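Here numbering that gives the first Met the number 0 is used: the first residue of the sequence shown is 0, the next is one more, and so on.
To keep things clear, I will list the structure first and then write my remarks on it.
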Amino acid sequence: MPVAEKLEGEVEGAPVEEQIRDIAGETLDQLTRTASRAEAKLADARPDAATAFASTNSLTSSAGQNLAEIFDQGHQGLSELAREPAIARLVVADEAGTSKTIFITRATPLPREPGEPFSASYLSPMGRLAALPVGRDADVPTPRACEASRWSNARS
0 MPVAEKLEGE
10 VEGAPVEEQI
20 RDIAGETLDQ
30 LTRTASRAEA
40 KLADARPDAA
50 TAFASTNSLT
60 SSAGQNLAEI
70 FDQGHQGLSE
80 LAREPAIARL
90 VVADEAGTSK
100 TIFITRATPL
110 PREPGEPFSA
120 SYLSPMGRLA
130 ALPVGRDADV
140 PTPRACEASR
150 WSNARS
């Protein structure tokens, strides 16, 4: 059946147009929220690695250089999130049928705020679900006691 025919009528009791509007609104809200939070973190003052130590010698000099590299990597990740807050939106379901929305990012995602959808890097086990065809199952390690859960890239 052509995609256009599938999109006519109602899906799960709601008109398709309404579902698309809801998904688009949720997605735009998340993209805006992530970009704004990343920009705010970028605006925070960055400590100077050279002045982080009271006195410098060969040991603290290399530590200062390492600290500067860490800050630079964090700055680069925040810049990527501000520019491109997400590259995919997934709805995944576990074996029990519990579903959740996950936004996939290229950079390390920001810590989740209460009420926000989950975010995962495309390099993470959960983020790799974005590469699977819709409906395909995969075992994904979860942080809870390092157990693996079976998740499916579900249709939304």
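No residue lacks a Cβ here, since even glycine has one placed at the ideal position from N, Cα and C.
Because the structure is a prediction, the values reported are computed rather than measured.
Host alpha helix (DSSP H) of residue i (start-end)
i, result
"Ala-161", "Any property of residue 161 remains undetermined from this structure, which presents the chain solely from 0 to 155."
Nearest neighbour of residue i, chosen from the options [CA to CA]
i, options, result
"Pro-124", "Pro-140, Pro-116, Gly-114 and Val-133", "Pro-140"
"Phe-102", "Asp-71, Ala-129 and Ala-39", "Ala-129"
"Leu-41", "Pro-132, Leu-109, Ala-137 and Ile-22", "Leu-109"
"Ile-22", "Ile-69, Thr-100 and Leu-131", "Thr-100"
"Ala-119", "Arg-36, Pro-84 and Ala-39", "Pro-84"
"Gly-134", "Leu-89, Glu-79, Arg-32 and Ala-37", "Leu-89"
"Asp-43", "Arg-20, Ser-78 and Ile-86", "Ser-78"
"Arg-82", "Asp-71, Asp-138, Glu-38 and Ala-137", "Glu-38"
"Ala-87", "Thr-104, Pro-14, Ser-61 and Glu-16", "Thr-104"
"Arg-111", "Pro-14, Gly-24, Glu-16 and Arg-36", "Arg-36"
Anticipated Cβ contact below 8 Å, residue i with residue j, distance rounded
i, j, result
"Ala-106", "Gly-126", "The Cβ separation is near 11 Å, so there is no contact."
"Gln-29", "Pro-116", "6 Å"
"Thr-33", "Leu-80", "6 Å"
Any C-beta of chain D under 9 Å from that of residue i
i, result
"Lys-99", "Looking for chain D here will not work: only one protein chain is present."
Any non-hydrogen atom of the ligand MG closer than 8 Å to residue i Cβ
i, result
"Ala-34", "Although the ligand MG was asked about, the structure shown includes no ligands whatsoever."
Open item on the list: Check whether the region 93-101 and the region 64-79 touch, using three or more Cβ-Cβ pairs below 8 Å as the test.
Closed with: no
Task: Secondary structure, beta strand (DSSP E): runs of 3+ residues fully inside the region 54-137 - done: 87-93, 98-104 and 117-120
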